[in-house]
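Enquirer: Residue numbers (our numbering), protein chains in the order written: chain A, 3 to 301; chain B, 3 to 301.
#1: Could you check whether the Cβ of residue 45/A sits closer than 9 Å to any Cβ belonging to chain B?
#2: Note down, in chain order, all residues in the stretch 178-212 of chain A with a beta-carbon under 7 Å from any beta-carbon belonging to chain B.
#3: Verify the contact flag: residue 15/B, CB atom, against every heavy atom of the ligand MG, threshold strictly below 8 Å.
#4: What is the DSSP secondary structure of residue 1/A, reduced to helix, strand or coil?
#5: In the stretch 7-20 of chain A, which residues sit with their C-beta less than 8 Å from some C-beta in chain D, listed in chain order?
#6: Is the shortest distance between the beta-carbon of residue 119/A and the beta-carbons of chain B less than 9 Å?
#7: What's the C-alpha gap between residue 229/B and residue 118/A?
#8: Just checking my contact of residue 145/B with residue 234/B at CB under 8 Å: how many whole Å lie between their CB atoms?
#9: For the beta strand (DSSP E) holding residue 241/B, just list the boundary residues, first then last.
#10: Using CA coordinates, which residue listed in 151/A, 72/A, 85/A is at the minimum distance from residue 267/A?
#11: Kindly list, in the order they appear in chain A, the residues whose Cβ is closer than 7 Å to that of residue 108/B.
#12: Measure the C-alpha to C-alpha separation of residue 175/B and residue 196/B and round it to an integer number of angstroms.
#13: Going by C-alpha distance, which of 113/A, 69/A, 170/A is nearest residue 6/B?
#14: Chain A partners of residue 112/B, CB-CB under 7 Å?
#15: Please report how far the alpha carbon of residue 22/B lies from the alpha carbon of residue 97/B, in whole angstroms.
#16: Counting only Cβ pairs nearer than 8 Å, list the residues of chain B close to residue 90/A.
#17: Consider the Cβ of residue 31/B: report whether some Cβ of chain A lies at a distance smaller than 9 Å.
#18: Mind checking if residue 77/B is an interface residue toward chain A, Cβ cutoff 9 Å exclusive?
#19: Can you give the Cα-Cα distance for residue 166/A and residue 8/A, rounded to whole angstroms?
#20: With distances taken from CA atoms, which of 271/A, 287/A, 10/A is nearest residue 277/A?
#21: Would residue 279/A and residue 224/A be called neighbours here (beta carbons separated by less than 9 Å)?
#22: Would you kindly report the start and end of the unbroken beta strand (DSSP E) that includes residue 203/A?
#23: Mind checking who residue 75/B pairs with in its DSSP beta bridge?
#24: Identify every run of the beta strand (DSSP E) within the stretch 111-168 of chain A, keeping only runs that are complete inside it and at least 3 residues long; order them along the chain.
#25: With DSSP as the reference, label residue 18/A as helix, strand or coil.
#26: Within 10 angstroms of the Cβ of residue 66/B, are there 16 or more other Cβ atoms? Answer buried if so, exposed if not.
#27: Residue 1/A CB to nearest chain B CB: under 9 Å?
#28: In whole angstroms, what separates the C-alpha of residue 47/A from that of residue 83/A?
#29: Taking 9 Å as the cut-off, decide whether the C-beta atoms of residue 93/B and residue 11/A are in contact.
#30: Taking 9 Å as the cut-off, decide whether the C-beta atoms of residue 211/B and residue 247/B are in contact.
#31: Ordered along the chain, which non-local residues of its own chain (more than five positions away) have a Cβ less than 6 Å from that of residue 81/B?
#32: Report, in whole angstroms, the separation of the C-beta atoms of residue 274/B and residue 226/B, which I expect to be a contact under 8 Å.
#33: Can you confirm whether residue 23/B, when its beta carbon is compared against all beta carbons of chain A, has any partner nearer than 9 Å?
#34: Closer than 7 Å, Cβ to Cβ, to anything on chain A: give me those residues from the stretch 225-241 of chain B, in chain order.
#35: Using C-beta distances below 6 Å, list every residue in its chain close to residue 103/B, excluding the 5 sequence neighbours before and after it, in chain order.
#36: Using a Cβ-Cβ distance under 9 Å, would residue 115/A count as near chain B?
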């Protein structure tokens, strides 16, 4: 993947300690920061998503990064680059979606520029406020691997949107809603970050559950031992989609077992074991989320 | 201007107190934040600017926003959206430029996505650290209007770049350097924000000196009385370019006279007077930077 190659070049050029997690933890300021972009025809298609939904998703995608860190989402800035023919209605609907998704998060500026297609980039700040901040480097042998919610729903929704003739009831369809208007896992994050004393790893599943598991395994140099039968998912969604789907914005965390009695609404999908970086799916070892894993889950 | 119309819609949709200044001042966190974007063929052309210069300018444009607030530039995140054919060399050179411009500012993440054209959006955080933060609402009758540096150089540089047959020595040409590799006015900002006790107004001249003067006049509801003969500029740059040029990233501030003995390297270009929002250029009153002002400075 070219993106990962580019990130390696950036890391070696800058030698910055802040590149790696979903958020950068700025200890001296007591905040975390993250930035995420949504690009027309890469991340969304205008024919599938309304301006309101796009504003809503922009905020949720960024709030999700703060949730992955365990911090409290506080402020967001949004830069919009828009084609010349964009009308006032687009701006109004987009910001209604922003407002509804933001809830306790304050919109603190941004800018507007011209462009050929719609580019949206938002930066979000979370405050630490006594919470414990995660790092994907912090998974430890003996920890339990837990997840929020169902996995694969967003990708299933996108599939339905592309198959225009497949019957569905639009935004009322659970899969399409998961894709167009995802919900960041604010409560799941809060319960962990407020109750945990130990170092822990947490990521969102923006790039898919499998990707998150491998990222934690590699950053923590450990074995993620996964029982795929335990991963919560709708029965109509196949295991490939569950693992690779992406954009569910659920959370996956590696936490000490003693935490579990203090939290709720989680599912244990495996344990951390000692060993060189890998993910075991039902006992079979994989070192990266490549085609061998993808084909392993052929239906 | 459509951008200003859109900002009005955003303000009324969100009812946020944080939209107005170059930076949003988040008092509870002791920080300011700003976000600025650079879009290919809107803000730059690949044939005029190298990847190194683009990285450098991306940082400086954002640092300049923090300087306008008076805060200390601390952390920056950068989102890059890049065409598929972007090579490793682009990334390496871009981030070398970022690194050289950032100096004491830490790069704290961002993301990389695909796109048709190059789209760059950076968010920057400044810390307050006992400094007094500006607001364009804070100009008061009796204050002096001061500026840093020379005005119009960047626009002159762009003019030279467009006139391909005009003789110049590239980046060694003062005007072209001002356009491609502007310098944020960190010291000018620091001296004011560390020494001032009173409320004050400060802006950068990213959208031109005239625009900044009118923005302060309108936000503070005052008269900016300007002596154009005092505005520092190179003799080859005409007054239209001095006032409308943009992208100089100089600073303009309205400060009490008692501050002036504590700072240096500034030029007084006028005073604040009581009256409804307007800018007087050499005694002639204008209420907006429209064509009547533009034509007033016909050569």
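For each residue, glycine too, the CB sits at the ideal point set by N, CA and C.
Expert: In terms of the structure at hand:
#1: Residue numbering aside, residue 45/A sits at position 43 when the first chain is read from its first letter. It does; some Cβ of chain B falls within 9 Å.
#2: none
#3: The model depicted lacks the ligand MG and carries no ligand whatsoever.
#4: With chain A covering only 3 through 301, there is no way to say anything about residue 1/A.
#5: Among the protein chains of the structure shown, namely A and B, there is no chain D.
#6: Stepping through the first chain from its first residue, residue 119/A is reached at position 117. With 9 Å as the cut-off, residue 119/A counts as an interface residue toward chain B.
#7: As a first step, residue 229/B must be located in the second chain, where it is residue number 227. As a first step, residue 118/A must be located in the first chain, where it is residue number 116. Going from the Cα of residue 229/B to the Cα of residue 118/A covers about 40 Å.
#8: Along the second chain, one-based indexing puts residue 145/B at 143. Along the second chain, one-based indexing puts residue 234/B at 232. At roughly 19 Å, the Cβ-Cβ gap does not stay under 8 Å, so residue 145/B and residue 234/B are not in contact.
#9: Here residue 241/B refers to the residue found at position 239 of the second chain. Counting along the chain, residue 241/B falls outside any beta strand (DSSP E), though it belongs to the alpha helix (DSSP H) covering 241-246.
#10: Within the first chain, residue 267/A is the residue found at index 265, counting from 1. Looking at the Cα atoms, 151/A is the closest of the given residues.
#11: Along the second chain, read from residue 1 onward, the residue named residue 108/B stands at position 106. Result: 18, 20.
#12: As a working mapping, residue 175/B is identified with position 173 in the second chain. As a working mapping, residue 196/B is identified with position 194 in the second chain. Computed Cα separation, rounded: 34 Å.
#13: Numbered from 1 along the second chain, position 4 holds the residue referred to as residue 6/B. Residue 6/B has its Cα closest to that of 113/A, out of 113/A, 69/A, 170/A.
#14: Here the question's residue 112/B lines up with position 110 in the second chain. Going along chain A in sequence order, the residues near residue 112/B (Cβ under 7 Å) are 37.
#15: Translated into positions along the second chain, residue 22/B becomes position 20. Translated into positions along the second chain, residue 97/B becomes position 95. Distance between the alpha carbons of residue 22/B and residue 97/B: 30 Å.
#16: As a first step, residue 90/A is located in the first chain; it is residue number 88 there, counting from the start. Those within 8 Å of residue 90/A in chain B are 7, 8, 11.
#17: The residue given as residue 31/B occupies position 29 in the second chain. Judged by the 9 Å Cβ criterion, residue 31/B is in contact with chain A.
#18: Within the second chain, numbered from 1, the residue matching residue 77/B stands at position 75. Yes - at least one Cβ of chain A is within 9 Å of the one on residue 77/B.
#19: Position 164 of the first chain holds residue 166/A. Position 6 of the first chain holds residue 8/A. Those two C-alpha atoms are separated by around 36 Å.
#20: For the purposes of this step, residue 277/A is identified with residue 275 of the first chain, where counting begins at 1. Nearest option by C-alpha distance: 287/A.
#21: The count along the first chain starts at 1 and reaches residue 279/A at position 277. The count along the first chain starts at 1 and reaches residue 224/A at position 222. Yes.
#22: Residue mapping note: residue 203/A aligns to position 201 of the first chain, counting from 1. Unbroken beta strand (DSSP E) run through residue 203/A: 203-206.
#23: Counting from one through the second chain, the residue named residue 75/B turns up at place 73. DSSP output for residue 75/B lists 128/B as bridge partner(s).
#24: 121-129, 146-149
#25: Here residue 18/A corresponds to residue number 16 of the first chain, with the count starting at 1. Here residue 18/A sits in coil by DSSP.
#26: Walking along the second chain from the start, residue 66/B turns up at place 64. Label assigned to residue 66/B: buried.
#27: The structure shown has nothing for residue 1/A, since chain A only spans 3 to 301.
#28: One-based indexing of the first chain puts residue 47/A at position 45. One-based indexing of the first chain puts residue 83/A at position 81. Taking the straight line from one Cα to the other gives about 15 Å.
#29: Here residue 93/B corresponds to residue number 91 of the second chain, with the count starting at 1. Here residue 11/A corresponds to residue number 9 of the first chain, with the count starting at 1. Their beta carbons are under 9 Å apart, which means residue 93/B touches residue 11/A by this criterion.
#30: Here residue 211/B is taken as the residue at index 209 of the second chain, counted from 1. Here residue 247/B is taken as the residue at index 245 of the second chain, counted from 1. It is a contact, given that the beta carbons lie within the stated cut-off.
#31: Working through the second chain from its first residue, we reach residue 81/B at position 79. Closer than 6 Å at the Cβ level, and outside the excluded window around residue 81/B, lie 112, 113, 123.
#32: By one-based count along the second chain, residue 274/B stands at place 272. By one-based count along the second chain, residue 226/B stands at place 224. Between residue 226/B and residue 274/B the Cβ distance is about 6 Å, and since that is below 8 Å, they are a contact.
#33: Taking the second chain and counting its residues from 1, one reaches residue 23/B at position 21. For residue 23/B, the answer is yes, since a Cβ of chain A falls inside 9 Å of its Cβ.
#34: none
#35: By one-based count along the second chain, residue 103/B stands at place 101. Within the same chain, residue 103/B has close Cβ partners 58, 61, 62.
#36: Indexing the first chain from 1 puts residue 115/A at position 113. Taking Cβ atoms only, chain B reaches closer than 9 Å to residue 115/A, which makes this a yes.
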